[in-house]
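Protein chains in written order, with the working numbering: chain A, 17 to 197; chain B, 17 to 197.
Okay, structure first, notes after.
Protein chains: 2
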Amino acid sequence: MNSVRQTQTHPAGSRIYGAGNPGQAWRVLSGAVRLDRSGPGVEPMFANLAVEGDVIGAETLLFQHYTFEATALADCVLSPWPEGDGAPAGESLLAALTHSETRAADVVALRCGQAVERVTRLLFLLTGGRAPQLADMPLPSRRDMAEITALTTETVSRVVSQLRRAGILPARKQRGRPGKS
Amino acid sequence: MNSVRQTQTHPAGSRIYGAGNPGQAWRVLSGAVRLDRSGPGVEPMFANLAVEGDVIGAETLLFQHYTFEATALADCVLSPWPEGDGAPAGESLLAALTHSETRAADVVALRCGQAVERVTRLLFLLTGGRAPQLADMPLPSRRDMAEITALTTETVSRVVSQLRRAGILPARKQRGRPGKS
DNA sequence: CGGCTTCTTGAAAAGTATCAAATATAGTGG
DNA sequence: CCACTATATTTGATACTTTTCAAGAAGCCG
């Protein structure tokens with residue numbers, strides 16, 4: 017879709033790369049990415065999340081192919097990582113590692129507590145913690161939100177309706193594009 | 017408790033290090049470690065898990081202090097990481113990074129599905145996937161298991177009882193030591 | 001305008017959490 | 001070694017939340 021070694025953009029819902037395919041690592045400049053562990057024959061299972069500033073696909077520097085499948089949860093801009101030429105500096109790798117670990121903790125926390133809290137925390141995470149911006153962000157598909165929070169699409173839908181009635185989310189009409197899985 | 021730069025052992029239930037404290041990184045040679053995000057004043061919240069082969073505390077190479085709090089879920093043997101002198105090689109760091117990401121996916125998966133599946137998957141993860149060994153391993157405290165799987169201690173207890181009645185776990189008498197929190 | 005997928009909502013069923021009480025276990029000090 | 005205390009585990013009964021199943025409504029695309 018886009019040329020290698022240059023900044024890429026991916027519309028919400030599109031697949032960025034597939035597990036097992038060759039490719040490079042990326043830094044997420046904006047947007048949010050869903051990572052899935054997808055075995056052969058097995059349907060993809062949600063594994064992790066990447067938001068603005070995170071690095072995805074670093075395993076390609078070691079294995080030459082992606083371990084997870086990446087899908088855009090929102091319109092995304094990605095740039096090749098590491099930023100310079102050749103192998104990443106140790107410092108950069110370390111930063112990516114520690115960053116990845118705090119992000120993992122965030123994702124684990126998305127599956128604690130009741131449905132409303134989980135969905136709310138997810139939306140905050142996707143907007144980088146900027147509450148006001150909740151109003152402007154097209155929501156991910158109910159299915160994505162459900163699989164990330166370990167709820168069902170119906171429950172997520174009910175929570176979204178509830179947040180709208182409470183004025184925490186604006187009324188309707190803010191979906192990106194229909195997930196074209 | 018133990019000298020620095022040498023192999024350490026920690027009994028089940030003991031704290032390995034605390035968030036904010038200075039220290040070094042370790043590789044888990046055996047046992048299992050629970051990592052918590054513990055804010056000031058906030059009680060620790062489960063963040064991640066490390067089992068045999070995993071590296072913990074790598075953030076100290078960047079920040080000089082631990083980001084998470086580490087507690088032994090089983091008797092643990094740790095050795096300083098990286099194994100050689102000085103900074104870890106890029107390859108080693110990359111391996112730690114990719115390893116950490118698959119582990120994170122494992123932990124996220126521990127919070128999917130019903131109570132019985134979650135607890136069962138946790139036990140498999142803690143034994144490195146070796147089912148027979150389930151019989152020999154002292155179980156972590158119900159509280160640890162509950163916080164890891166996002167269940168309550170009562171529910172975990174009921175599941176353990178159920179697994180024992182089904183012959184999947186041996187009857188009783190296999191706790192390590194009482195968590196001394 | 002169809003055809004299709006996603007989203008929404010309702011009603012009932014299932015699964016967990018909660019609350020409470022009894023039992024078991026470890027540690028301590030005689 | 002035993003009694004005693006504090007903590008952890010277990011179990012039961014009930015309340016609550018979420019899932020499940022089903023049916024419409026809404027949105028997208030050719």
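In this text, a Cβ means the ideal position worked out from N, Cα and C, and glycines have one as well.
- An exposed status is given to B:E170, since fewer than 16 other beta-carbon atoms sit within 10 Å of its beta-carbon.
- A check of alpha carbon separations from A:P38 across A:E75, A:G144 and A:L185 identifies A:E75 as the nearest.
- In the structure shown, A:V58 falls within a coil segment according to DSSP collapsed to helix, strand and coil.
- Where B:L142 is concerned, the enclosing alpha helix (DSSP H) starts and stops at A131 to L142.
- Going by C-alpha positions, A:A182 is about 18 Å away from A:P154.
- For B:A162, the secondary structure class from DSSP, reduced to helix, strand or coil, is helix.
- Secondary structure note for A:H115: its alpha helix (DSSP H) is the uninterrupted segment G106 to A125.
- Rounded to whole angstroms, the separation of the alpha carbons of A:L142 and A:D91 is 12 Å.
- Sorting B:L139, B:T168 and B:A35 by C-alpha distance to the C-alpha of B:G57 places B:A35 at the top.
- The Cβ atoms of A:P60 and A:D70 lie no closer than 8 Å to each other.
- For A:E68, the three-state secondary structure derived from DSSP is coil.
- CA-CA distance, B:H26 to A:Q24, rounds to 47 Å.
- Taking the CA atoms as reference points, B:A112 sits about 8 Å from A:L113.
- The beta carbon of B:P104 sits closer than 8 Å to some beta carbon of chain A.
- Using a Cβ-Cβ cut-off of 8 Å, A:M161 does not count as an interface residue toward chain B, since no Cβ of chain B sits closer than that to its own.
- Counting every other CB atom within 10 Å of its CB across the protein chains shown gives A:G129 a total below 16, marking it as exposed.
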